[in-house]
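**Q**
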Amino acid sequence: MSQSVLWKFLTAADLRAKAQSGAIVVLPVASMEQHGPHLPVGVDTILSEAVCQAAAEAIAADTPVVVAPTLWCGMAEHHMAFGGTFTFDIPTYRAVLLCLLRSVERHGFKRVLIVNGHGGNIAALSAFLPDIVRETGLKLRVTTYFEQAKAALAEVLEDQESVHHACEAETSLMMVVAPDTVRRDKLPEAHGPAHSSTPPAGIARYRSFRDITPSGVIGDARRSNAQKGEKLMAACRDGIAAVLRDPATWS
């Protein structure tokens, strides 16, 4: 039986050996937040880990790799009005992430790819990166899984070009990864604006999702199906696998 790529299923001895072999650590980071009337609040966490596991399994035969436990809480203040959501503030998120990465570093691992699955984390992760690299000494890289598959996603999706929120893309993916959690009877209600509104160029603002979409959805989940989900998952898997394998990622 082949060894799992998931950290949580390995022994301490297995993980010491992984570190000695120069394995890349993949750290999924996500969120626990409302996803409309039809999807569970764990969507980002479920999908981030699934994509990371699939990518790691795709390269494990020739590239030492291990997928760390998913950091399931992130920056989700904008979803709090709907209920069902956990959120960090900036200092707490940075502190928790730093503790996880210091643990990885203390065990002898040198390379870490943080794979994000929640749009609300992107700005914070970019802001943390320089300080965390300095404080840990890790060769640390950060990406968002759907950003590595943009062209392929656009070819599959009908009403959007990439991932929005509780949308055609995320719902189709969940129909493959966790089909029993999708409330198909709620799909007729699972639609919202095609895009979140944007302020004039050069202006930053904060808005609750409640003020943007009454349903909690950006996009149209009525377009979702498992056939799309299979294609979307393959594209996301291949995108992260390519990043992990590419020498330029680690140069």
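So the sequence shown is numbered by the numbering used here: it starts at 10 and just counts up by one.
Just so you know, even glycine gets a beta-carbon here, dropped at the ideal spot from N, CA and C.
1) Please go through the same chain and pick out, in chain order, the residues whose beta-carbon is closer than 7 Å to the beta-carbon of G92, but skip the five residues on each side of it.
2) Can you grab the Cα-Cα spacing for the pair W81 / V172, in whole Å?
3) If we ignore side chains and look at the alpha-carbon of each, how far apart do G128 and D247 end up?
4) For a minimum of 3 consecutive residues, which ranges assigned as the beta strand (DSSP E) are wholly contained in the stretch 30 to 102?
5) Assuming I123 is part of the beta strand (DSSP E), what are its boundary residues?
6) What span of residues does the alpha helix (DSSP H) with R143 cover, start to end?
7) Would you tell me roughly how many angstroms separate the C-alpha atoms of R192 and G45, rounded to the nearest one?
8) Let me know the secondary structure DSSP gives T222 once reduced to three states.
9) Is it right to say Q157 is buried, meaning 16 or more other beta carbons lie within 10 angstroms of its own, or is it exposed?
10) Between L56 and V142, how many whole angstroms is the CB-CB distance? I'm expecting something under 8 Å.
11) Among the residues of its own chain, which have a CB less than 7 Å from the CB of L196, if the five just before and after it don't count?
12) Between which two residues does the alpha helix (DSSP H) harbouring L162 extend?
13) State the CB to CB distance for the pair A67 and A250, rounded to an integer number of angstroms; the pair is presumed to be in contact (CB under 8 Å).
14) Just to confirm, are L134 and N125 a CB contact at a threshold of 8 Å?
15) Can you check whether the CB of V76 is closer than 8 Å to the CB of V35?
16) Three or more C-beta pairs under 8 Å: does that hold for the stretch 83 to 102 against the stretch 59 to 73?
17) Among all the DSSP beta bridges, which residues are the ones paired with H174?
18) Please classify V191: does DSSP put it in a helix, a strand, or coil?
19) Buried or exposed: which applies to K17, given that a residue is buried once 16 or more other Cβ atoms fall within 10 Å of its Cβ?
20) Going by CA-CA distance only, name the one from A21, R214, G238 that's closest to S112.
21) For R150, which of helix, strand or coil comes out of DSSP?
22) Which word fits Y154, buried or exposed, when buried means at least 16 other C-beta atoms lie within 10 angstroms of its C-beta?
23) Within the continuous alpha helix (DSSP H) that includes I249, where are the two ends?
24) Rounded C-beta distance between A163 and E170? I'm assuming under 8 Å.
25) When you compare only the Cα positions, how much space is there between Q29 and D168?
**A** With the structure as the only source:
1) So the qualifying residues of the chain are Q43.
2) 19 Å
3) 20 Å
4) 33 to 38, 74 to 76
5) Element bounds for I123: 120 to 125.
6) 131 to 145
7) In this model, R192 and G45 are separated by some 10 Å (Cα to Cα).
8) coil
9) buried
10) That belief does not hold up - the Cβ atoms of L56 and V142 are roughly 27 Å apart, past 8 Å.
11) H47, A230, R231
12) 159 to 165
13) At roughly 5 Å, the Cβ-Cβ gap stays under 8 Å, so A67 and A250 are in contact.
14) yes
15) yes
16) no
17) I227
18) coil
19) So K17 counts as exposed.
20) A21
21) Three-state DSSP puts R150 in a strand.
22) buried
23) 235 to 254
24) Contact flag correct, Cβ pair sits at about 4 Å.
25) 47 Å
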